[in-house]
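Numbering (the working numbering), first residue to last: 1 to 100.
For glycine and all other residues, C-beta sits at the position ideal for the given N, C-alpha and C.
Structure representation (structure tokens):
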């Protein structure tokens with residue numbers, strides 16, 4: 001079965017700032033890099049270990065994968081392919097919010 005979702009990790013503080021908005025432009029890191037960082041489900045553990053180690057109060061957003069032209073699948077420095085959104089995220093595409 002194909003996984004038709006992408007995921008985004010936010011801190012609870014980042015989530016509280018955007019949860020009542022219609023669009024999300026990205027975290028400070030996303031804005032600095034020029035795109036919103038996402039990952040696939042199988043990349044969750046590695047993403048948490050590499051970028052969120054020892055952080056508490058995190059939120060994982062499960063997002064319906066759309067046919068956005070601005071969603072590109074790009075390699076990172078280790079050759080892993082991640083989805084990057086070069087646009088705002090419409091928060092209506094969030095189908096689940098998971099606290100970890």
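query	result
Residues of its chain near residue 3, where Cβ-Cβ distance is below 6 Å and the 5 sequence neighbours each way are ignored	41
For residue 9, the three-state DSSP class (helix, strand or coil)	strand
Unbroken stretches of the alpha helix (DSSP H), 4 residues or longer, contained in the region 10-35	12-18 and 28-33
CB-CB length for residue 59 against residue 12, believed under 8 Å	6 Å
C-beta atoms of residue 65 and residue 5 nearer than 8 Å	yes
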